[in-house]
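Quick note on the UniProt record's numbering: the sequence shown kicks off at 3 and runs consecutively.
Below you'll find the structure, written out as structure tokens, and then a few comments.
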Amino acid sequence: KKASIGVTGLAVMGRNLARNLARHGHTVALHNRSEQRTRDLVEEFGSEGDFIPAYSAREFVDALERPRQVVVMVKAGAPTDAVIEEFAPLLEPGDVIVDAGNAHFADTRRREAALRERGLHFVGTGVSGGEEGALHGPSIMPGGSKESYESLGPLLEDISAKVDGTPCCAHIGPDGAGHFVKMVHNGIEYADMQLIAESFDLLRGALGYEPAQIAEVFRTWNTGRLGSYLIEITAEVLAHTDAATGRPFVDVVLDQAEQKGTGRWTVQIGLDLGVPITGIAEATFARSLSGHADLRAAANGLAGPSRSPLTGSDAERFADDVEQALYASKVVAYAQGFNQIQAGSAEYDWNIDLGSVASLWRGGCIIRAKFLDDVSAAFGAEPGLPTLLTSGDFRKAVEDAQDSWRSVVSTAVRLGIPTPGFSTALAYYDALRADRLPAALVQGQRDYFGAHTYRRVDTEGTFHTEWAAEGRPEHKS
Ligand code: 6PG
Numbered sequence: 003k004k005a006s007i008g009v010t011g012l013a014v015m016g017r018n019l020a021r022n023l024a025r026h027g028h029t030v031a032l033h034n035r036s037e038q039r040t041r042d043l044v045e046e047f048g049s050e051g052d053f054i055p056a057y058s059a060r061e062f063v064d065a066l067e068r069p070r071q072v073v074v075m076v077k078a079g080a081p082t083d084a085v086i087e088e089f090a091p092l093l094e095p096g097d098v099i100v101d102a103g104n105a106h107f108a109d110t111r112r113r114e115a116a117l118r119e120r121g122l123h124f125v126g127t128g129v130s131g132g133e134e135g136a137l138h139g140p141s142i143m144p145g146g147s148k149e150s151y152e153s154l155g156p157l158l159e160d161i162s163a164k165v166d167g168t169p170c171c172a173h174i175g176p177d178g179a180g181h182f183v184k185m186v187h188n189g190i191e192y193a194d195m196q197l198i199a200e201s202f203d204l205l206r207g208a209l210g211y212e213p214a215q216i217a218e219v220f221r222t223w224n225t226g227r228l229g230s231y232l233i234e235i236t237a238e239v240l241a242h243t244d245a246a247t248g249r250p251f252v253d254v255v256l257d258q259a260e261q262k263g264t265g266r267w268t269v270q271i272g273l274d275l276g277v278p279i280t281g282i283a284e285a286t287f288a289r290s291l292s293g294h295a296d297l298r299a300a301a302n303g304l305a306g307p308s309r310s311p312l313t314g315s316d317a318e319r320f321a322d323d324v325e326q327a328l329y330a331s332k333v334v335a336y337a338q339g340f341n342q343i344q345a346g347s348a349e350y351d352w353n354i355d356l357g358s359v360a361s362l363w364r365g366g367c368i369i370r371a372k373f374l375d376d377v378s379a380a381f382g383a384e385p386g387l388p389t390l391l392t393s394g395d396f397r398k399a400v401e402d403a404q405d406s407w408r409s410v411v412s413t414a415v416r417l418g419i420p421t422p423g424f425s426t427a428l429a430y431y432d433a434l435r436a437d438r439l440p441a442a443l444v445q446g447q448r449d450y451f452g453a454h455t456y457r458r459v460d461t462e463g464t465f466h467t468e469w470a471a472e473g474r475p476e477h478k479s
């Protein structure tokens, strides 16, 4: 018997994907650079399904049914290229190589084009949900050709998470589309996490709550419209006590957030495409700011306002205000992320269905949330929606939240609690809805010092003002 799919790279993600496939009744060929991992997998989990261990690339390829489907689950970057180069010469036209790592979509485009020349399909796919998701049902975002999805799609849909019986997996679009969407997923993940972290900081700083009390607040929120995996795990983390010291776990963790780079890519590409993804950018910069220990130590003594926690009715309504601010800021972050997917899709001709993306993020992935049902419905009803902010229920929810949102941001400013995520989201909301922006003045300045020209509100065309003739002061120094 031959295998319907093979997995090479059997570190925890690859191993769990292979086990998930086998548990769904698929025969899975296994390969890893060091043989021991392959042996261990078969020894420990061999009873879960049909595995064919292979101890060389040739043996692995020969174990596969045609068209061969090879899932590569190695570290993104050079290791992926090395594995592709190892297997591509052994494959035949029509075979499919699947990169399930967190690759940069530009690398995926390059690899897809090169392998297409050789008659092979290359599918860069996003896989989200961490180790547990890989084993029990991740959210899967495959790019690559439509044709490759015909053989690969059913397998991936089989092992993906399901929401209301619908698989959290769909063909995203050609070449790098899947990895692009995964990248934006991670950017949104950063924004979501930052907003939740700011909520915690506000509840602590303005109300003096202990982490365990804040865990309860998050548990309550989790039963409402904010219900999501990230809110749920936040409550768990906050309720956790450090065994060694007996202190709240969150207080013994060094407050420097790290990143592996997908958030940074999202921001870089946002700049390249000219999409204002300010929520994701602030979240990414907040992580990098936190990591600058030297800078923070130098600035630690700078003066701030005296912090008197809220009292009375202000205190009573504050947690609810934060819930509203968090919800509204979250809508902004998603609106921006989906705008970035729209822009990427237009730039690279991917024809991405935003409703389908929202739908497959409903389960399995790190940002899974009730909220995504509504996002999916919004894009389903209006695929060309310019921004989530103007869509039916979101519009109403954000408008209803605005007083709380403003009050939370002003409280944060008054007490000196940094809320870059909430603040930038509110600024974005106000900028988008403004009749006029001071960008007009920026254009005037550009024309003044560099003759960069401007357009007018009342006439078509490009204009330049002769500032000297208008009495520009002589430059003296
Ligand atoms: C997922 C996660 C996953 C990984 C992130 C962590 O969707 O399963 O996003 O891809 O945990 O890359 O990212 P940072 O290390 O950059 O926070």
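All C-beta atoms in this analysis are idealised placements derived from N, C-alpha and C, irrespective of residue type, glycine included.
Hey, which unbroken runs of the alpha helix (DSSP H) at 4 residues or more fall wholly within the segment 86 to 142? 107 to 119, 132 to 138
Under the rule that 16 or more other beta-carbon atoms within 10 Å means buried, what is Val-459, buried or exposed? Numbered from its first residue, the sequence shown carries residue 459 at position 457. So Val-459 ends up on the exposed side.
For Val-277, which residues from the same chain have a beta carbon less than 6 Å from its beta carbon, with the 5 sequence-adjacent residues on both sides left out? As a position in the sequence shown, residue 277 is number 275, starting the count at 1. Once the five neighbours on either side are set aside, the close Cβ partners of Val-277 are Asn-341, Gln-342, Ala-345.
Pairs of beta-carbons, one from the segment 169 to 186 and one from the segment 197 to 206, closer than 8 Å: are there three or more? Contact between the segment 169 to 186 and the segment 197 to 206 is absent: fewer than 3 CB-CB pairs across the two stretches fall below 8 Å.
Ala-371, DSSP secondary structure in three states: The residue labelled residue 371 in the question sits at position 369 within the sequence shown. It is a strand residue.
I think Asp-198 touches Ile-161, with their Cβ atoms under 8 Å apart; what is that distance to the nearest whole Å? Start at 1 with the first residue of the sequence shown, and residue 198 comes out as number 196. Start at 1 with the first residue of the sequence shown, and residue 161 comes out as number 159. Looking at the sequence shown, residue 198 is not Asp but Ile. Contact between Ile-198 and Ile-161 is ruled out by a C-beta separation of about 29 Å, above the 8 Å threshold.
Assuming Gly-423 is part of the alpha helix (DSSP H), what are its boundary residues? As a first step, residue 423 must be located in the sequence shown, where it is residue number 421. Residues 422 to 435.
On a Cα-Cα basis, can you pick out the residue from Glu-46, Phe-89, Phe-47, Gln-38 that is closest to Gly-8? The sequence position of residue 8 within the sequence shown is 6, counting from 1. Taking only the C-alpha atoms, the option nearest Gly-8 is Phe-89.
Give a yes or no on contact between the segment 242 to 258 and the segment 312 to 325, applying the rule of three or more CB pairs nearer than 8 Å. no
With Val-324 as the anchor, note down where its alpha helix (DSSP H) starts and where it stops. Walking along the sequence shown from the start, residue 324 turns up at place 322. Val-324 -> alpha helix (DSSP H) spans 314 to 350.
Where Asn-18 falls, given that 16 or more other Cβ within 10 Å makes a residue buried: Locating residue 18 in the sequence shown gives position 16, counting from the first residue. So Asn-18 ends up on the buried side.
For a quick check, are the C-beta atoms of Thr-264 and Met-195 less than 8 Å apart? In the sequence shown, the residue the question calls residue 264 occupies position 262. In the sequence shown, the residue the question calls residue 195 occupies position 193. Their beta carbons are not under 8 Å apart, which means Thr-264 does not touch Met-195 by this criterion.
Could you spell out where the beta strand (DSSP E) holding Ala-31 opens and where it closes? As a position in the sequence shown, residue 31 is number 29, starting the count at 1. Start and end: 30 to 33.
Would Val-30 and Glu-133 be called neighbours here (beta carbons separated by less than 8 Å)? The residue given as residue 30 occupies position 28 in the sequence shown. The residue given as residue 133 occupies position 131 in the sequence shown. Not a contact, by the Cβ cut-off of 8 Å.
Can you tell me whether Asn-104 sits near the ligand 6PG, meaning its C-beta is under 7 Å from at least one heavy atom of the ligand? To locate residue 104, count along the sequence shown from 1; it is residue 102. Answer for Asn-104: yes, Cβ within range of the ligand 6PG.
How long is the line joining the alpha carbons of Pro-156 and Glu-119, rounded to whole angstroms? As a first step, residue 156 must be located in the sequence shown, where it is residue number 154. As a first step, residue 119 must be located in the sequence shown, where it is residue number 117. Using only the alpha carbons, I get a separation of about 26 Å.
Beta-carbon within less than 6 Å of Gly-306's beta-carbon, same chain only, minus the 5 sequence neighbours each way: which residues are those? Your numbering for residue 306 matches position 304 in the sequence shown. Answer for Gly-306: Gly-418, listed in chain order.
Cβ shell of Pro-95 (< 6 Å), same chain only, five flanking positions each side left out: The residue labelled residue 95 in the question sits at position 93 within the sequence shown. For Pro-95, where only same-chain residues beyond five positions count, the Cβ hits under 6 Å are Gly-121.
Mapping DSSP to helix, strand and coil, what is Thr-168? On the sequence shown, position 166 is the one that residue 168 refers to. Judged by DSSP in its simplified three-state form, Thr-168 adopts strand.
Is Asn-188 near the ligand 6PG, judged by its Cβ being under 7 Å from some heavy atom? Numbered from its first residue, the sequence shown carries residue 188 at position 186. True, at least one ligand heavy atom lies under 7 Å from that Cβ.
Can you tell me the Cβ-Cβ gap for Gly-135 and Gly-339, rounded? I've got them flagged as a contact below 8 Å. The residue you call residue 135 lines up with position 133 of the sequence shown. The residue you call residue 339 lines up with position 337 of the sequence shown. Contact doesn't hold; Cβ gap of about 20 Å is too wide.
When Phe-124, Ala-360, Ile-190 are compared against Gly-423, the one with the closest alpha-carbon: Taking the first residue of the sequence shown as position 1, residue 423 is located at position 421. Among Phe-124, Ala-360, Ile-190, the Cα nearest to that of Gly-423 is on Ile-190.
Just to confirm the assignment: which complete alpha helix (DSSP H) runs, minimum length 4, are found wholly within the segment 6 to 79? Runs of the alpha helix (DSSP H) inside the segment 6 to 79: 14 to 25, 37 to 47, 59 to 64.
According to DSSP, which residues form a beta bridge with Ser-230? Numbered from its first residue, the sequence shown carries residue 230 at position 228. Answer is Ala-371.
Cβ-based neighbour list, Gly-145, same chain, cut-off 7 Å, excluding 5 preceding and 5 following: As a first step, residue 145 must be located in the sequence shown, where it is residue number 143. So the qualifying residues of the chain are Thr-110, Val-125, Gly-126, Thr-127, Ile-174, Gly-175, Pro-176, Asp-177, Gly-178, Ala-179, Gly-180, His-181.
Between Ile-369 and Val-411, what straight-line distance do the alpha-carbon atoms span, to the nearest angstrom? One-based indexing of the sequence shown puts residue 369 at position 367. One-based indexing of the sequence shown puts residue 411 at position 409. One C-alpha to the other measures close to 24 Å.
Please classify Gln-258: is it buried, with 16 or more other beta-carbons within 10 angstroms of its beta-carbon, or exposed? Numbered from its first residue, the sequence shown carries residue 258 at position 256. Flag for Gln-258 reads exposed.
State the Cα-Cα distance for the pair Gly-463 and Thr-455, rounded to the nearest angstrom. For the purposes of this step, residue 463 is identified with residue 461 of the sequence shown, where counting begins at 1. For the purposes of this step, residue 455 is identified with residue 453 of the sequence shown, where counting begins at 1. Their backbone Cα atoms lie some 10 Å apart in a straight line.
Does the distance from the CB of Val-333 to the CB of Val-269 come in under 8 Å? For this step, residue 333 is matched to residue 331 along the sequence shown. For this step, residue 269 is matched to residue 267 along the sequence shown. In this structure, Val-269 does not lie closer than 8 Å to Val-333 by Cβ.
Identity of the residues DSSP links to Tyr-456 by a beta bridge: To locate residue 456, count along the sequence shown from 1; it is residue 454. Its beta-bridge partners are Phe-465.
Within the same chain, show all residues whose beta-carbon is closer than 7 Å to that of Glu-254, passing over the 5 residues directly before and after it, in chain order. Looking up residue 254 in the sequence shown gives position 252. Sequence inspection shows Val at residue 254; the Glu mentioned does not correspond to that position. Same-chain partners within the cutoff: Asp-244, Thr-247.
Can you tell me which of the three DSSP states Pro-250 falls into? Translated into the one-based positions of the sequence shown, residue 250 becomes position 248. Strand.
Under 8 Å, with one C-beta from each stretch per pair, do the segment 93 to 108 and the segment 62 to 72 reach the 3-pair mark? yes
Hey, would you say Leu-393 sits closer than 8 Å to Ala-327, going by beta carbons? By 1-based counting over the sequence shown, the position of residue 393 is 391. By 1-based counting over the sequence shown, the position of residue 327 is 325. First, the residue type needs correcting, since residue 393 is Ser and not Leu in the sequence shown. Not closer than 8 Å, so no.
Does the Cβ-Cβ distance between Phe-62 and His-33 come in under 8 Å? For the purposes of this step, residue 62 is identified with residue 60 of the sequence shown, where counting begins at 1. For the purposes of this step, residue 33 is identified with residue 31 of the sequence shown, where counting begins at 1. Contact: yes.
Identified DSSP bridge partners for Pro-144: By 1-based counting over the sequence shown, the position of residue 144 is 142. DSSP output for Pro-144 lists Thr-127 as bridge partner(s).
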